[in-house]
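Colleague: Each residue of the sequence shown is one higher than the one before, starting from 0 at the first, in numbering that gives the first Met the number 0.
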Amino acid sequence: MTKIHHHEVQPIQNKDVVMCDYHTNQKGVIYCKTCNKIICMICALTSTHQSHETVNIENIKLEIRLKNQELIEKAKKKKDEVFQIYKKMNEDLKKLEKKRIECSNQMKKRFETYYQMLNKREKELKLNIQTK
């Protein structure tokens, strides 16, 4: 590492390169499905991983990418489904609010009609009492 003024220059780490846990100077190029570990070629050929189910790391990367794409597509479909449900709920809420207003207006009209009928009946009764 070199110092430039007050900063240290760090070597760039390649995030795609994974080193073997056991042979730390070897790149991990094999994925051991049995151990769920990334291992180097030496481990794959000479150690306990020989009898394990192993896959080339590039194949597993492709498999993971494909699974991720599939999951993304499923998520997009679910998002669309949820949005359609949301739209339908909003439409239903608007219809419900319209019905609520209609019912409220009908109740007001009926109440007004009954109120007028009661007032008329009250006047009739008062008139009847006064004439007797």
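Even for Gly, the Cβ is constructed at its ideal location relative to N, Cα and C.
Check each candidate in 31, 62, 93 and 130 and name the one with the smallest Cα separation from residue 50.
Modeller: Residue 31 is the option with its Cα nearest to residue 50.
Colleague: Given a threshold of 16 other Cβ atoms within 10 Å of its Cβ, counted over all protein chains shown, does residue 74 qualify as buried or as exposed?
Modeller: Exposed is the call here.
Colleague: Going by Cα to Cα distance, which pick from 17, 21, 41 and 81 is closest to residue 56?
Modeller: Nearest of 17, 21, 41 and 81 to residue 56, Cα basis: 17.
Colleague: Please report the distance separating the alpha-carbon of residue 47 from that of residue 41.
Modeller: Each residue's Cα considered, the two are about 11 angstroms apart.
Colleague: In angstroms with no decimal places, state the Cα-to-Cα distance between residue 58 and residue 29.
Modeller: If you take the alpha carbons of residue 58 and residue 29, they lie about 9 angstroms apart.
Colleague: Hey, out of 20, 44 and 45, whose CA is closest to residue 37's CA?
Modeller: Of the listed residues, the one whose Cα sits closest to residue 37 is 20.
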